[in-house]
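A.B. asks: The listed protein sequences derive, respectively, from chains U and S.
All letters in the first sequence, in the order written, are residues 1 to 336 by the numbering used here.
All letters in the second sequence, in the order written, are residues 1001 to 1277 by the numbering used here.
Pasting a structure here, questions to come.
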Amino acid sequence: MTPPAFKKSAWVIGRALIVVFLLAGVVLSGRFAHFWDGAGFAFVLGGGVALFLMGFSVSHLGAAARYAAGRPLREEDAAVLPYLWEALGRNFWIVGVLGAMANFVLTLARTSEGIQQVAFLLAASFRPALYGLFLAVVCAVPALKSREDLSLREKSSPISVRGGERQPWIFENIAGYVLMVAILGWTVILPSARGFLQEQRLMGFFFDRSALLVVAGGTVVIALFLGRASLGTSLTSGLAVTGLLGSLMGLMQTLFAFTHRSIQDVASALAFVISSCFVALLGMILAGIPLADHEARASSRPGGLAFNRLAWYIFPLLALLFLVLTLIAVVTPIKI
Amino acid sequence: MRSDEQKPFDIDGLLEQAFPDDLPAEAEERMAGRLSRSRQEWQMTEKGTIARSPSPRRWSLALARISLVAVSAVVVILGLSLRPSGPPTGLASSLAALQKAASVSGQVGSDRALECTVRLEREEASSWFVIEWINPEETRVRVILSGKETLHTIRLRKVDRSLLELVARIGGKETGDQPPLAAELLPVEDLLTSSRFRRLLEGSWRPAGIERLDGCDWESFAISKTPGAAPSRVTVDTCTFLPVRLEKELGPGGMLEAVFRWAPRSEPGAISGTIPS
């Protein structure tokens, strides 16, 4: 074996060993079962791919896969690849957070256990967010690598940048929407079918009327003020900002209610926080992000705006944080 | 003599010679793209100039935009005003029930003295129990059955509590080596210690009504341990988060009703039952 080939093999084996040690550590900790949820993983994986197809095409997915497999690429794909991988990672992250929120609400809706078991189930409902983050980190590797490749390629031969031309909606986009609706329905309809939710009005658990009005109205106002920006960007930013505003208002009301020791008010404010985040995330998934991707597809060299990226990454993170605060507030007894 | 008509012909030829139409395809494509963009920019500028000029269409567009903003603002205000007035959503009710269950469990778990009067209805006979938690290791029970009164003192063996349990202020586990209970105490065994009582209150809490409204409301909850089983009904004082009454079905024709008096927080008036002499 020649020295460079030996070095390469040693590097590959070394990386594989690190992964094996990491997995062994998790399994040997004896609590691996707590981290595994097959349905949650399927939700995140399927939802992320569906969201990708809502804005892009199968050929884009193929180009991303070809790059990951180390196969040669077309020039136009090389320019789009960093955005494609970033979009895929972003999708997993956002769908993961949405899955965590849906799990959290469903646990509250259907549980018949005591406080300790409910607290465990509520904590376990964060697993989709963990999977989303894990898959996003996996996608970040090719995203960064393809960006580096692109800048190297541009140094040798500049890639022409053409202006945005409106792209028609294609079959894959519709199929992506159908898949996403099916996946969202699966998480809700399946437990309903099992009889957990016969006495509950499920929509009342997910959608607080006031949160729905605040987020929808606020988003329209912001989108109108950002009129010159693209619709996808305006909607994504608007939903993130109003979702965040609603959550912060709810959080402030929670603190006020704590000072009055009124559990009903605390619970009502916390429900408003959860519903604001859920509605905003759902709006981003169903409207904002697909439109932004659709507009990015039209450009030969798409790149996310800094504000858009804040909406993609920071808002779901804050939503997750609010969910953790809700869990702590609910299971912590009020002392007299 | 030279003809004037040949002059333009010569200039065209000269131009063709100077600028031959042999650009590379890529350069021609770029140039066409640049021209197209310039044309588009020019057209946009023209449109902008037209748009800037006052016209009824522009005014109606502005009006529509302002109306939409106003409607959206009204929607936001409506949403905010609906918040305090509307009935609690399913999620809010569920969160509130869970938080009340946690608070009651926390209060019961504290080291408190309890006097509990229990009425046990059975098909054959009724019996009364007066349970007193003297201290965490000692409970006294008076049993009144068919006018006959017996006194039981239960001394629980002290169970070592881990540091975590002490920090978290959770009650020590009762191990299986505790002294066996007398048969007549078995119906009330869940009320004999705070940790057993907390286990009795474990389950899904669903609001079941409000019994008293005077600032310190008495709220009732149905506690189900398993779907399909008859739930217990507990009434809680919302100021102290301590149970004031418990009702539980015990099979066919059987019913247990317990009334609690907690020291030193609850009012003595919480006791409504009377003990037959």
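We put the CB at the ideal spot given by N, CA and C, even for glycine.
Is residue 259/U buried or exposed, if buried means 16 or more other CB atoms sit within 10 Å of its CB?
C.D. replies: The count along the first sequence starts at 1 and reaches residue 259/U at position 259. Flag for residue 259/U reads exposed.
A.B. asks: Between which two residues does the beta strand (DSSP E) harbouring residue 36/U extend?
C.D. replies: Stepping through the first sequence from its first residue, residue 36/U is reached at position 36. Counting along the chain, residue 36/U sits inside no beta strand (DSSP E), nor does DSSP assign it H or E at all.
A.B. asks: Does residue 1135/S pass the burial test, meaning 16 or more other C-beta atoms within 10 Å, or should it be called exposed?
C.D. replies: Taking the second sequence and counting its residues from 1, the one referred to as residue 1135/S is at position 135. Residue 1135/S should be labelled exposed.
A.B. asks: How many angstroms separate the CA atom of residue 119/U from the CA atom of residue 275/U?
C.D. replies: Sequence index remark: in the first sequence, residue 119/U carries index 119 (1-based). Sequence index remark: in the first sequence, residue 275/U carries index 275 (1-based). So the alpha carbons of these two residues sit roughly 20 Å apart.
A.B. asks: If contact is defined by three or more beta carbon pairs under 8 Å, each pair taking one atom from either stretch, is the region 84 to 97 of chain U in contact with the region 125 to 138 of chain U?
C.D. replies: yes
A.B. asks: Which runs of the beta strand (DSSP E) spanning at least 3 residues fall entirely within the region 222 to 292 of chain U, listed in chain order?
C.D. replies: none
A.B. asks: Could you check whether the Cβ of residue 1102/S sits closer than 8 Å to any Cβ belonging to chain U?
C.D. replies: Within the second sequence, the letter at position 102 stands for residue 1102/S. Yes, residue 1102/S lies at the interface with chain U (some Cβ there is under 8 Å from its Cβ).
A.B. asks: Write down every uninterrupted run of the beta strand (DSSP E) in the region 1184 to 1268 of chain S whose length is 3 residues or greater and which is fully enclosed by it, in chain order.
C.D. replies: Taken in chain order, the unbroken stretches of beta strand (DSSP E) that lie wholly in the region 1184 to 1268 of chain S and span 3 residues or more are 1204 to 1212, 1218 to 1224, 1232 to 1237, 1242 to 1249 and 1255 to 1263.
A.B. asks: With a floor of 4 residues, list each alpha helix (DSSP H) that falls wholly inside the region 1081 to 1155 of chain S, ordered by position along the chain.
C.D. replies: Here the runs fully enclosed are 1090 to 1109.
A.B. asks: Specify, as a first and last residue, the run of the alpha helix (DSSP H) that residue 93/U falls within.
C.D. replies: Counted from its first residue, the first sequence places residue 93/U at position 93. Taken as a continuous stretch (DSSP letters only), the alpha helix (DSSP H) holding residue 93/U covers 75 to 110.
A.B. asks: So is residue 60/U buried or exposed if we call it buried at 16+ other beta carbons inside 10 Å?
C.D. replies: Here residue 60/U is taken as the residue at index 60 of the first sequence, counted from 1. That one is buried.
A.B. asks: Relative to the C-alpha of residue 297/U, which residue among 81/U, 6/U and 20/U is closest?
C.D. replies: Taking the first sequence and counting its residues from 1, one reaches residue 297/U at position 297. Cα-wise, what sits closest to residue 297/U is 81/U.
A.B. asks: Check this for me: beta carbons of residue 1236/S and residue 1246/S, under 8 Å apart or not?
C.D. replies: As a first step, residue 1236/S is located in the second sequence; it is residue number 236 there, counting from the start. As a first step, residue 1246/S is located in the second sequence; it is residue number 246 there, counting from the start. Between residue 1236/S and residue 1246/S, the C-beta gap is not smaller than 8 Å, which leaves the two residues out of contact.
A.B. asks: Could you tell me which chain S residues have their CB closer than 8 Å to the CB of residue 204/U, listed as they occur along the chain?
C.D. replies: Stepping through the first sequence from its first residue, residue 204/U is reached at position 204. In chain order: 1089, 1090 and 1091.
A.B. asks: What do you reckon, are the CB atoms on residue 1083/S and residue 272/U nearer than 8 Å?
C.D. replies: As a first step, residue 1083/S is located in the second sequence; it is residue number 83 there, counting from the start. As a first step, residue 272/U is located in the first sequence; it is residue number 272 there, counting from the start. Cβ atoms of residue 1083/S and residue 272/U: closer than 8 Å.
A.B. asks: With distances taken between CB atoms, is the gap from residue 1198/S to residue 1108/S smaller than 8 Å?
C.D. replies: Here residue 1198/S refers to the residue found at position 198 when the second sequence is read from its first residue. Here residue 1108/S refers to the residue found at position 108 when the second sequence is read from its first residue. Yes, they are a contact pair.
A.B. asks: Quick one: does residue 105/U have its CB under 8 Å from some CB of chain S?
C.D. replies: Residue 105/U sits at position 105 when you count from the first residue of the first sequence. By this cut-off, residue 105/U is an interface position.
A.B. asks: Using the Cβ count rule (16 or more neighbours within 10 Å means buried), how would you classify residue 34/U?
C.D. replies: Reading the first sequence from its first residue, position 34 is the one you call residue 34/U. By the neighbour-count rule (16 or more Cβ atoms within 10 Å), residue 34/U is not buried but exposed.
A.B. asks: Which of the three DSSP states is assigned to residue 952/S in this structure?
C.D. replies: Only positions 1001 to 1277 of chain S appear in the structure, and residue 952/S is not among them; the question remains open.
A.B. asks: How would you list, in chain order, the residues of chain U whose beta-carbon sits under 8 Å from the beta-carbon of residue 1082/S?
C.D. replies: In the second sequence, the residue the question calls residue 1082/S occupies position 82. Within chain U, the residues near residue 1082/S are 209, 210 and 213.
A.B. asks: So, does the CB of residue 332/U fall closer than 8 Å to a CB anywhere in chain S?
C.D. replies: Start at 1 with the first residue of the first sequence, and residue 332/U comes out as number 332. Output row for residue 332/U: interface = yes.
A.B. asks: Could you pull the start and end residues of the alpha helix (DSSP H) that residue 131/U belongs to?
C.D. replies: Looking up residue 131/U in the first sequence gives position 131. Where residue 131/U is concerned, the enclosing alpha helix (DSSP H) stretches over 127 to 156.
A.B. asks: Considering only the alpha carbon of each residue, which of 327/U, 333/U, 334/U and 332/U lies closest to residue 124/U?
C.D. replies: Stepping through the first sequence from its first residue, residue 124/U is reached at position 124. When each option's Cα is compared against that of residue 124/U, the closest is 327/U.
A.B. asks: Check for me: the alpha helix (DSSP H) holding residue 117/U runs from which residue to which?
C.D. replies: Sequence index remark: in the first sequence, residue 117/U carries index 117 (1-based). Taken as a continuous stretch (DSSP letters only), the alpha helix (DSSP H) holding residue 117/U covers 115 to 124.
A.B. asks: Given that residue 299/U touches chain S, what residues does it touch there, using C-beta distances under 8 Å?
C.D. replies: To locate residue 299/U, count along the first sequence from 1; it is residue 299. Neighbours of residue 299/U on chain S: none; closest Cβ ~14 Å, over 8 Å.
A.B. asks: Measure the alpha-carbon distance for residue 106/U versus residue 1033/S and round it to whole angstroms.
C.D. replies: Here residue 106/U is taken as the residue at index 106 of the first sequence, counted from 1. Here residue 1033/S is taken as the residue at index 33 of the second sequence, counted from 1. Distance between the alpha carbons of residue 106/U and residue 1033/S is about 55 Å.
A.B. asks: Would you check if there are 3 or more beta carbon pairs closer than 8 Å linking the region 62 to 72 of chain U to the region 39 to 49 of chain U?
C.D. replies: As far as the Cβ criterion goes, the region 62 to 72 of chain U does not touch the region 39 to 49 of chain U, which means the pair count is below three.
A.B. asks: Between the beta-carbon of residue 174/U and the beta-carbon of residue 57/U, is there less than 8 Å?
C.D. replies: Numbered from 1 along the first sequence, position 174 holds the residue referred to as residue 174/U. Numbered from 1 along the first sequence, position 57 holds the residue referred to as residue 57/U. No; because the gap between Cβ atoms is not below 8 Å, this pair is not in contact.
A.B. asks: Determine whether the beta carbon atoms of residue 202/U and residue 109/U lie at a separation below 8 Å.
C.D. replies: The residue given as residue 202/U occupies position 202 in the first sequence. The residue given as residue 109/U occupies position 109 in the first sequence. Closer than 8 Å, so yes.
A.B. asks: Residue 216/U touches chain S at which residues, Cβ-Cβ below 9 Å?
C.D. replies: Here residue 216/U refers to the residue found at position 216 of the first sequence. The contacting residues are 1072, 1075, 1076 and 1079.
A.B. asks: Output yes if chain S places a C-beta closer than 8 Å to the C-beta of residue 167/U; else output no.
C.D. replies: As a working note, residue 167/U is residue 167 in the first sequence. No, because no Cβ of chain S sits closer than 8 Å to the Cβ of residue 167/U.
A.B. asks: Compare the C-beta of residue 1209/S with all C-beta atoms of chain U and state if any pair is closer than 8 Å.
C.D. replies: Locating residue 1209/S in the second sequence gives position 209, where the first residue counts as 1. Chain U, which has no Cβ nearer than 8 Å to the Cβ of residue 1209/S, makes this no.
A.B. asks: Going along the chain, which residues of its own chain have a beta-carbon closer than 6 Å to the beta-carbon of residue 240/U, five neighbours each way excluded?
C.D. replies: Translated into positions along the first sequence, residue 240/U becomes position 240. Within the same chain, residue 240/U has close Cβ partners 311 and 315.
A.B. asks: To be precise: take each residue of the region 264 to 293 of chain U, compare its Cβ to all Cβ atoms of chain S, and keep it if any distance is under 8 Å. Which residues remain?
C.D. replies: Correct list: 264, 266, 267, 268, 270, 271, 272, 274 and 275.
A.B. asks: Can you find at least 3 beta carbon pairs, one from the region 1068 to 1083 of chain S and one from the region 206 to 217 of chain U, that sit closer than 8 Å?
C.D. replies: yes
A.B. asks: Can you tell me where the alpha helix (DSSP H) holding residue 68/U begins and where it ends?
C.D. replies: In the first sequence, the residue the question calls residue 68/U occupies position 68. From DSSP, the alpha helix (DSSP H) with residue 68/U extends over 58 to 68.
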